[in-house]
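With mature numbering (1 follows the signal peptide of the UniProt record, and there is no 0) applied, the sequence shown covers -24 to -1, 1 to 386. Every residue, glycine too, gets a C-beta built ideally from N, C-alpha and C.
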Amino acid sequence: MFNKTKNRSLLFAGALFVAASITACSKSKGGDTGPTPEGKPEFAIHYSTSKGSYLLPIRDLMSGVITPVGTGTDVTNIFTWGENIIQKGKYFYTVEPNGGKFGKYSFENGVLQTIKEIPFSAMSYLYLGWHTWIDSKTLMIGGRGNSEYAVIDVDNMTVIKSGVFDTGKELPKDHTLSVNSITPQGGKIFMGIMVRNSITKLTYDTAYTASIDYPGLNNFKITGKDTRSAPLGALRNGYFHKFNDQGNTYVLTHPMPMLGGNKPNMPTGFYRIKDGTTVVDPGYFFNISALSQGDNQLGVEYLGNGKALLINARDAKNVVKEKDDWWYKSMWEYIVVDVHSQKIVRKLDFPPLLNSRSAVVHNGKVYIAVNDAKADAIYIWEYDSNTDKLTKGAKVEGGDGDTPVLYKLN
């Protein structure tokens, strides 16, 4: 169990699924049309300080000082488990594991207001491994490392359906599955899963693909398996791990210990699922670890044109001595990869960083909350992949060693 400090380091969970649509709020530069500081705040930042964690409105990511003094909402007792936060526009949702409730909140004018909280016992394990939006009002969530799910109408705040995925005869009775990636496909849901032998307690070094009918959530079928890397997707809710490019879906594997599937001898890489199929492309695997001295990576954001921003755990096998080191050792570096050329095209010019993986994208530029232990504060940096230029932005004042999270509210 992580303590509350670790929880905050994971608070990027809800942001990463929506970051592809986020508009940066820098002043107009080279055709950018971000909001001016005088306009209504379009963004928020969630970060922790020595006095608690705060959700603050922000107008400009590229200048000024962001501080909790006199602004925002203290959310220390609302967002108690970072991986359980889900954000969509101005609305925030969370499963509160200690109190057993599901809540919907609205963030406007710097104030987080409770829309409704309901008792939530639809799953036995209230720490999320994934979520997906079936449509604008239907949210589907699932537990980390298991096959539990719940479908929630967030307009009426009711649980529509819940249970455990019924695998029928597709798996032996002494085997279970866990979900790592889930994508609605009309009347079906496409899944990346791992399979565990309940007798040996071992999870296979295999990436499985599967499909299931929706809304019935029946007719489960394993559609394929691949042993080049695993798992196919992430272990923790909200970790960026997939994007669509030119009609194909690219899914990042997460074999990393502690933060992923704990498959340290397997490489990190992208699988490709061709449009209209439910299996990985047998002729494609982008092995990123092979280009980075065997290191594993985690996802940050999709930049467009086949490029993605990742963080590389530099020499983690020698640096990490205990679990806290995954967050607080200065070993992380940002890299840009291209799934078409299958190359690392850029390592961003930063010193080794703490685990800081919050980023948003606007007009081909990515805005990163950079957590350098040797700097005087956390800073937001802009990276323009077209010009290969890094620009220092707003200062995040009073933050601790954990990662701030950026959100778009409109």
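Do Y310 and L324 have their C-beta atoms closer together than 8 Å?
-> Position 334 of the sequence shown, counted from the start, is the residue given in the question as residue 310. Position 348 of the sequence shown, counted from the start, is the residue given in the question as residue 324. Result yes, Cβ atoms of Y310 and L324 sit closer than 8 Å.
Secondary structure of D301, DSSP reduced to three states | Locating residue 301 in the sequence shown gives position 325, where the first residue counts as 1. Residue state, collapsed to three classes: helix.
Taking DSSP as the reference, what is the three-state secondary structure of L267?
-> Your numbering for residue 267 matches position 291 in the sequence shown. Reduced to three states, the DSSP call for L267 is helix.
In this structure, does DSSP put N220 in helix, strand or coil?
-> Numbered from 1 along the sequence shown, position 244 holds the residue referred to as residue 220. Reduced to three states, the DSSP call for N220 is strand.
Nearest-angstrom Cα distance between D348 and T159?
-> Walking along the sequence shown from the start, residue 348 turns up at place 372. Walking along the sequence shown from the start, residue 159 turns up at place 183. CA-to-CA, the gap between D348 and T159 works out to about 35 Å.
Taking only the alpha-carbon atoms, compute the straight-line gap between S312 and R248 and give it to the nearest angstrom.
-> Taking the first residue of the sequence shown as 1, we reach residue 312 at position 336. Taking the first residue of the sequence shown as 1, we reach residue 248 at position 272. Residue 312 is actually Val in this sequence, not Ser. If I take the Cα positions, the gap works out to 18 Å.
How big is the Cα-Cα spacing for G79 and L31?
-> Taking the sequence shown and counting its residues from 1, one reaches residue 79 at position 103. Taking the sequence shown and counting its residues from 1, one reaches residue 31 at position 55. Each residue's Cα considered, the two are about 16 Å apart.
Output the distance between the C-alpha atoms of G7 and M38, rounded to the nearest integer angstrom.
-> By 1-based counting over the sequence shown, the position of residue 7 is 31. By 1-based counting over the sequence shown, the position of residue 38 is 62. Residue placement at G7 is poorly supported in this model, since its pLDDT is 36, which falls under 50; the coordinates still yield a value, given next. When rounded, the separation of the alpha-carbon atoms in G7 and M38 is 15 Å.
Quick one: grab the DSSP three-state call for V295.
-> Numbered from its first residue, the sequence shown carries residue 295 at position 319. Correct three-state label for V295: helix.
Residues of its chain near Y125, where Cβ-Cβ distance is below 6 Å and the 5 sequence neighbours each way are ignored = For the purposes of this step, residue 125 is taken as the residue at position 149 of the sequence shown. Taken in chain order, the residues that qualify are G118.
If you drop the 5 nearest sequence neighbours on each side, which residues of the same chain put their C-beta closer than 6 Å to that of S4?
-> Position 28 of the sequence shown holds residue 4. For S4, the predicted structure reports a pLDDT of 32, less than 50, and the residue's modelled location is therefore unreliable. A value from the coordinates is still provided. Non-local C-beta neighbours of S4 in its own chain, meaning closer than 6 Å and more than five positions away in sequence, are absent.
Please determine, among K384, G375, S306, G377, the residue with the shortest C-alpha to C-alpha distance to Y343.
-> Looking up residue 343 in the sequence shown gives position 367. Of K384, G375, S306, G377, the smallest CA-CA separation from Y343 is found for K384.
Reducing DSSP to helix, strand and coil, say where E309 ends up.
-> Looking up residue 309 in the sequence shown gives position 333. Strand, per DSSP.
Specify the secondary structure class of N60 as computed by DSSP and reduced to three states.
-> Position 84 of the sequence shown, counted from the first residue, corresponds to residue 60. Note: N60 maps to helix in three-state DSSP.
Proximity winner among L147, Y69, D301, relative to N195 (alpha-carbon distances) = Position 219 of the sequence shown, counted from the first residue, corresponds to residue 195. Measuring C-alpha to C-alpha distances from N195 to each of L147, Y69, D301 identifies L147 as the nearest.
Please report how far the alpha carbon of K368 lies from the alpha carbon of D36, in whole angstroms.
-> Counted from its first residue, the sequence shown places residue 368 at position 392. Counted from its first residue, the sequence shown places residue 36 at position 60. Each residue's alpha carbon lies about 13 Å from the other.
Which listed residue (D142, V337, G275) has its alpha carbon closest to that of F19 = Taking the first residue of the sequence shown as position 1, residue 19 is located at position 43. With distances taken between Cα atoms, F19 lies closest to V337.
Ordered along the chain, which non-local residues of its own chain (more than five positions away) have a Cβ less than 6 Å from that of V315?
-> Within the sequence shown, the letter at position 339 stands for residue 315. Taking V315 as the centre and dropping the five residues before and after it, the same chain places the C-beta of Y226, F246, F262, G282 closer than 6 Å to its C-beta, in chain order.
In angstroms, rounded to a whole number, what distance separates the CA positions of A292 and L286?
-> Locating residue 292 in the sequence shown gives position 316, counting from the first residue. Locating residue 286 in the sequence shown gives position 310, counting from the first residue. Straight through space, the alpha carbons of L286 and A292 are spaced by roughly 15 Å.
Where V127 falls, given that 16 or more other Cβ within 10 Å makes a residue buried | Residue numbering aside, residue 127 sits at position 151 when the sequence shown is read from its first letter. V127 sits buried, since 16 or more C-beta atoms from the chains shown fall within 10 Å of its C-beta.
Is the Cβ-Cβ distance between V155 and W109 less than 8 Å?
-> Against the sequence shown, residue 155 aligns to sequence position 179. Against the sequence shown, residue 109 aligns to sequence position 133. Going by C-beta atoms, V155 is not nearer than 8 Å to W109.
Go ahead and pull the three-state DSSP assignment for D50.
-> As a working mapping, residue 50 is identified with position 74 in the sequence shown. Strand at D50.
Would you report the Cα separation of V(-7) and D251, rounded to the nearest angstrom?
-> In the sequence shown, the residue the question calls residue -7 occupies position 18. In the sequence shown, the residue the question calls residue 251 occupies position 275. With a pLDDT of 37 at V(-7), under the threshold of 50, the predicted position of this residue should be treated as unreliable, though the coordinate-derived value follows. The straight-line gap from Cα to Cα measures roughly 22 Å.
State the beta-bridge partners of A126 as determined by DSSP.
-> The residue you call residue 126 lines up with position 150 of the sequence shown. Residue pairing from DSSP places A126 in a beta bridge opposite I117, S138.
Taking DSSP as the reference, what is the three-state secondary structure of H316?
-> The sequence position of residue 316 within the sequence shown is 340, counting from 1. Judged by DSSP in its simplified three-state form, H316 adopts coil rather than helix or strand.
Pick from L178, I165, R212: whose alpha carbon is nearest that of I198?
-> Taking the first residue of the sequence shown as 1, we reach residue 198 at position 222. Sorting L178, I165, R212 by C-alpha distance to the C-alpha of I198 places I165 at the top.
Of the listed residues P258, N288, Y190, nearest to residue 444 (C-alpha basis) = Nothing in the structure corresponds to residue 444, since the chain is present only between -24 and 386.
If you draw a straight line from the C-alpha of R333 to the C-alpha of V276, how long is it?
-> Walking along the sequence shown from the start, residue 333 turns up at place 357. Walking along the sequence shown from the start, residue 276 turns up at place 300. When the Cα atoms are used, R333 and V276 turn out to be separated by approximately 6 Å.
Roughly how many whole angstroms lie between the Cα atoms of S82 and D131?
-> If you number the sequence shown from 1, residue 82 lands on position 106. If you number the sequence shown from 1, residue 131 lands on position 155. Approximately 13 Å, taken between the alpha carbons.
Answer with buried or exposed for K239, where buried requires no fewer than 16 other C-beta atoms within 10 angstroms of its C-beta.
-> Looking up residue 239 in the sequence shown gives position 263. By the neighbour-count criterion, in which 16 or more other beta carbons inside 10 Å mark a residue as buried, K239 falls on the buried side.
Alpha carbon to alpha carbon, what distance is there between D352 and G139?
-> Counting from one through the sequence shown, the residue named residue 139 turns up at place 163. Counting from one through the sequence shown, the residue named residue 352 turns up at place 376. For G139 and D352, the gap between their C-alpha atoms comes out near 48 Å.
Say the cut is 7 Å; is the CB of K164 nearer than that to a heavy atom of the ligand SAH?
-> Ligands are entirely absent from the displayed structure, and the ligand SAH is therefore not among its contents.
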